[in-house]
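What follows is a set of notes on a single structure, which appears directly below.
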Amino acid sequence: MRELNVVISGFDHYEGVDVNPAYEVPKSIAEQGLGAPSGADDPLNDVHVTIHAVQLPVSFTKAWPQLKETIEATNPDIIIATGLKHSARSVMLERCATNLMDAERPDADNVIQRRKPIDPNGPAAYWTRLPLRSILQDFTDDSIAASLSSDAGTFVCNSLFYNLLNWTATQDRVLGGFVSFPPVRPAGSAQHGLPLEQQVEAGRDVVREAIRYYLKPSSSDILIA
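First residue of the sequence shown? That's 122 in the working numbering, and the numbers climb one at a time after it.
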């Protein structure tokens, strides 16, 4: 049986957020696993997956070094970073990481980064290599509201996403991408967002499809436009 390592990162605290899906989803998946394969012909039947969850500070200078430390300790095949997008009404699959820090509010270190490149010598942007088309199909099958997002903004989420893809570009075969979760909507509430249980299942869908794509890459699974 093949062995695969997956790292799922989230953020440890957002000001004013009581239930943070970017903390709860990675934690739940690491503790509870991916669930049963979809059938006898599912490639997941032939692979043992170890999932490592890591919570990162909402910090421009500390988030990526801490994620990289986990990467170096676990040697993952797939790295999925997650964050919270306050304005989102559904799960957002991020297509692009841009080489820009431009914050209007301070990070956890009380620092405001304004109009600075993340890597002065790096490319303007990177595209995700997660199989977005397959992930969206799973979301449809599971009745999970989701959409594509052009980019992850210019705050810490995008900075982490860019640094991750900047690093994976130097590796032989490591998949990396970013998923933004909406606020957690309590049962019976009229506020925008999704229940936590749906967001955990969405996270599982992302991991499962990333593994299937890793085992059997197909250009038809990629959707960036």
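The C-beta atom is built at its ideal place from N, Cα and C for all residues, glycine as well.
Treat the numbers as computed from the prediction; the structure is a model and nothing was measured.
In angstroms with no decimal places, state the Cα-to-Cα distance between R329 and N166.
-> 11 angstroms
Per-residue DSSP class, three states only, for A346 = For A346, the pLDDT reaches just 43, beneath the cut-off of 50, and the residue's location in the model is therefore unreliable, leaving the point undetermined.
From E190, S340, Y335, residue whose alpha carbon lies closest to that of V168 | Y335
Which class does S264 belong to by DSSP, given the choice of helix, strand or coil?
-> coil
Can you round the beta-carbon distance between K189 and W288 to whole angstroms, since I take them to be within the 8 angstroms contact cut?
-> 7 angstroms
Go through the stretch 122 to 166 residue by residue and report every complete run of the alpha helix (DSSP H) that reaches 4 residues or more, in order.
-> For the stretch 122 to 166, whole alpha helix (DSSP H) runs of length 4 or above, ordered along the chain, are 142 to 153.
From A346 to L214, what distance separates their C-alpha atoms?
-> Its pLDDT being 43, under 50, A346 is placed unreliably in this model, and the coordinates cannot settle the point.
Are the beta-carbon atoms of S130 and T219 separated by less than 8 angstroms?
-> no
For H169, which beta-bridge partners are listed by DSSP?
-> E124
For L317 versus E136, is the C-beta distance shorter than 8 angstroms?
-> No, they are not a contact pair.
Hey, out of I201, D139, R123, whose CA is closest to I150's CA?
-> I201
Measuring CB to CB, does T191 end up less than 8 angstroms from V170?
-> no
Would you check whether the ligand PLP has a heavy atom nearer than 7 angstroms to the C-beta of P244?
-> Looking at this structure, you won't find the ligand PLP or any other ligand, since it has none at all.
CB-CB length for S255 against S301, believed under 8 angstroms | About 18 angstroms separates the two Cβ atoms, so there is no contact after all.
May I have the straight-line CA-CA distance separating A194 from N126, to the nearest angstrom?
-> 11 angstroms
By how many angstroms is the C-alpha of G297 removed from the C-alpha of P186?
-> Taking the straight line joining both Cα atoms gives about 16 angstroms.
Inter-stretch contact at 8 angstroms, needing at least 3 Cβ pairs: the stretch 313 to 327 / the stretch 274 to 290 = no
Output the boundary residues of the alpha helix (DSSP H) element that contains E330.
-> 317 to 336
Report yes if the CB atom of V140 is closer than 8 angstroms to the CB atom of V295, and no otherwise.
-> Result no, Cβ atoms of V140 and V295 do not sit closer than 8 angstroms.
Where does E215 fall in DSSP's three states?
-> strand
S211 vs A266 beta-carbon contact at 8 angstroms = yes
Taking Cβ positions, are A209 and Y247 nearer each other than 8 angstroms?
-> no
Is the beta carbon of S180 sitting closer than 8 angstroms to the one on D240?
-> Cβ distance not < 8 angstroms, so S180 and D240 don't count as in contact.
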